[in-house]
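This report concerns only the one structure given below.
There are 2 protein chains.
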Amino acid sequence: MTIQNRINRLLSYKHLLNRFKSLGMVRVFSDNIADPLGISASLVRKDFGIFGISGSQKGGYTVNDVLAKINEILGSNEIQKVVIVGVGRIGEALMSYGGFQKDGIKIVAGFDIDVKKIKKTGEIPVKPIEELEDYVRDHNITVAIMAVPDIAAQQTLERLKAAKIKGILNFSPVKFKSTEEITINNFNIENELVNLIYFVNKYKKNGKKIINTNH
Amino acid sequence: MTIQNRINRLLSYKHLLNRFKSLGMVRVFSDNIADPLGISASLVRKDFGIFGISGSQKGGYTVNDVLAKINEILGSNEIQKVVIVGVGRIGEALMSYGGFQKDGIKIVAGFDIDVKKIKKTGEIPVKPIEELEDYVRDHNITVAIMAVPDIAAQQTLERLKAAKIKGILNFSPVKFKSTEEITINNFNIENELVNLIYFVNKYKKNGKKIINTNH
DNA sequence: TAGATTGTTAATCGATTAACAATC
DNA sequence: TAGATTGTTAATCGATTAACAATC
Chain A
0 MTIQNRINRL LSYKHLLNRF KSLGMVRVFS DNIADPLGIS ASLVRKDFGI
50 FGISGSQKGG YTVNDVLAKI NEILGSNEIQ KVVIVGVGRI GEALMSYGGF
100 QKDGIKIVAG FDIDVKKIKK TGEIPVKPIE ELEDYVRDHN ITVAIMAVPD
150 IAAQQTLERL KAAKIKGILN FSPVKFKSTE EITINNFNIE NELVNLIYFV
200 NKYKKNGKKI INTNH
Chain B
0 MTIQNRINRL LSYKHLLNRF KSLGMVRVFS DNIADPLGIS ASLVRKDFGI
50 FGISGSQKGG YTVNDVLAKI NEILGSNEIQ KVVIVGVGRI GEALMSYGGF
100 QKDGIKIVAG FDIDVKKIKK TGEIPVKPIE ELEDYVRDHN ITVAIMAVPD
150 IAAQQTLERL KAAKIKGILN FSPVKFKSTE EITINNFNIE NELVNLIYFV
200 NKYKKNGKKI INTNH
């Protein structure tokens, strides 16, 4: 989980530094970054060190340099093409959401088993699921979002595997395990809700003041 | 983060034990649970110990007893009422999703600023945002799902705080920090995607066979 | 130079696992 | 009893933090 934490922090650094930048700040010290994020300055410096971001003992880190380096590391400069399988309400919501662009992510196509969903026009086409494999190969896609109902989950996974997809963000209620061939990150809403409810109702109630970590 | 991990594991145990049960299994050993989940039997026993689930050295744990205890711990027996603020595509998707029931969670109302979304009929009513505070007080709601666009996020948070909501599952693209008064779990799709893309394209590419942890 | 910050090593902290005594 | 599993303590492992030498 260490890499995931580090990449998540990198994103936090990016957002914070962009805000610093919009305030006109040019240079920052590790403390300036650590404090708002509630982590230690050592960790910021260690993260930077690991990713080859260096500063100076005099003036800390240059905001623009750090941002450029982070974008380079995260690949936000090239466009990362992603497909969505399952164009229900969640799939549609993600397709119409414009916020991925700033991270260099572009949803290039949707796929669905239901012919009524097929749409050749519009910004993002919706294609029949049968075309997934060819599309993924022809457009060199490695990552897919899976937003299908539980009964379709297993079958969809097989299709994605057959298409040689390497990473799946899985919104279906069925959890799947990663293997060497395919990385699957499960986005399980039920789990999150149960967790939160437990925390709020059971744990915090006992007069304890535990602040949750937001993952 | 320890509690969250433990509760997540409790949910995994629950799902696995339900499958064991459907196969007709009556008793299980800690090994039987640990292996499919890829954790150690010690951890299973430790988790059980912490939550007061006990077994016997002879026959391990009784499936039904463990399930009953887990449901009790998670509060899945009583109905946990949750409201949704922001009835866009994601909000609607969650409202129409029937899978929360098995975990004892019920979405009892939606709230929106847009009068066109208001709906008095139907299974789950959609009310004007102005009624949130009264509703939350009258129905003793502690947890809310926030599914609003970024521009509405800050304002919505203020309303939820004013309504004395204790826990928020935040689907908006704006991250918020938990405080002592309110626990906020951010469900940030962009982060997840950037993470996954980095992992698949950059990290795994180097011939390394790292299996992701699915959180 | 004196002061302050980086880069890096050592210490801490917490979660998970291994080991094993107790016990059925 | 012998064998196997639980419950629990000690060891390990990894991530974060503290400390500090190097350096601007």
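Those protein sequences? They're chains A and B, same order as listed.
Taking numbering that gives the first Met the number 0, the leading residue of the first sequence gets 0, the next gets one more, and so forth.
Taking numbering that gives the first Met the number 0, the leading residue of the second sequence gets 0, the next gets one more, and so forth.
Ideal Cβ placement from N, Cα and C applies to all residues, glycine included.
Comparing alpha-carbon positions, which option in the options lies nearest residue i?
i      : options                           : result
A/T120 : A/A108, A/D113, A/L131 and A/E130 : A/A108
B/E122 : B/D111, B/N139, B/G97 and B/H138  : B/G97
B/V81  : B/L10, B/A143 and B/I32           : B/A143
B/I6   : B/S55, B/D64, B/T141 and B/E71    : B/E71
A/K68  : A/G59, A/I78 and A/G51            : A/G51
A/V62  : A/M145, A/K20, A/A161 and A/I83   : A/K20
A/F198 : B/G74, B/D64 and B/L42            : B/G74
B/I83  : B/S53, B/V65, B/Y60 and B/I117    : B/I117
A/I112 : A/N194, A/A40, A/E130 and A/Y12   : A/E130
B/V193 : A/Q79, A/L36 and A/D34            : A/Q79
A/G37  : A/N17, A/Y134, A/S11 and A/K165   : A/S11
A/L66  : A/P127, A/T1, A/D34 and A/R18     : A/R18
Report buried or exposed for residue i, applying the criterion of at least 16 other Cβ atoms within 10 angstroms of its Cβ.
i      : result
B/V25  : exposed
A/G87  : buried
B/T178 : exposed
B/I210 : Residue confidence for B/I210 is low, a pLDDT of 49 falling below 50, so the modelled location carries little weight and cannot support an answer.
A/I106 : buried
B/T182 : buried
A/L93  : buried
B/I49  : exposed
B/Q56  : exposed
B/K188 : A quick correction: the sequence has Ile, not Lys, at residue 188 of chain B. With 16 or more other Cβ atoms within 10 Å, it is buried.
A/V114 : exposed
B/I196 : buried
A/N190 : buried
B/N4   : exposed
B/I150 : exposed
A/N139 : exposed
A/K101 : exposed
A/K163 : exposed
A/L16  : buried
Got a sec? Which residues, its chain only, sit under 6 Å from residue i by beta carbon, not counting five neighbours each side?
i      : result
B/T212 : For B/T212, the predicted structure reports a pLDDT of 47, less than 50, and the residue's modelled location is therefore unreliable. The matter cannot be settled from this model.
A/A152 : S171 and V173
A/D30  : A40
B/R44  : S29
B/G85  : A146 and V147
A/Y60  : V27 and G54
Quick check on DSSP: helix, strand or coil for residue i?
i      : result
A/K68  : helix
A/G98  : helix
A/I140 : coil
A/G90  : helix
A/I128 : helix
B/T182 : strand
A/V234 : Outside the modelled stretch of chain A, which goes from 0 to 214, sits residue 234 of chain A, for which no answer is possible.
B/E189 : helix
A/N76  : coil
A/V173 : coil
A/S53  : coil
B/I123 : coil
B/K20  : helix
A/A162 : coil
A/Q3   : helix
I need the boundaries of the beta strand (DSSP E) containing residue i, first residue and last residue.
i      : result
A/V84  : Q79 to V84
A/I167 : G166 to N169
B/G109 : I104 to D111
B/K57  : Taken as a continuous stretch (DSSP letters only), B/K57 belongs to no beta strand (DSSP E), as it is neither H nor E.
B/N200 : Premise fails: B/N200 is in no beta strand (DSSP E) and is neither H nor E.
I'd like the span of the alpha helix (DSSP H) that includes residue i, first residue to last.
i      : result
A/P148 : Here A/P148 belongs to no alpha helix (DSSP H), and DSSP marks it neither H nor E.
A/V43  : A40 to I49
A/I117 : Where A/I117 is concerned, there is no enclosing alpha helix (DSSP H), given that its DSSP letter is neither H nor E.
Under 7 Å Cβ to Cβ from residue i, same chain only, skipping five residues before and after it: list those, please.
i      : result
A/R8   : D46
B/A161 : E132
B/G90  : I83, G109 and A146
A/N169 : M145, F175, I183, N184, N185 and F186
Please go through the same chain and pick out, in chain order, the residues whose beta-carbon is closer than 8 Å to the beta-carbon of residue i, but skip the five residues on each side of it.
i      : result
A/I167 : V142, A143, I144, M145, L156, L159, F175, I181, T182, I183 and N184
A/N76  : N70 and G103
B/P124 : A108, G109 and K118
B/G23  : none
A/K165 : T141, V142, E180, I181 and T182
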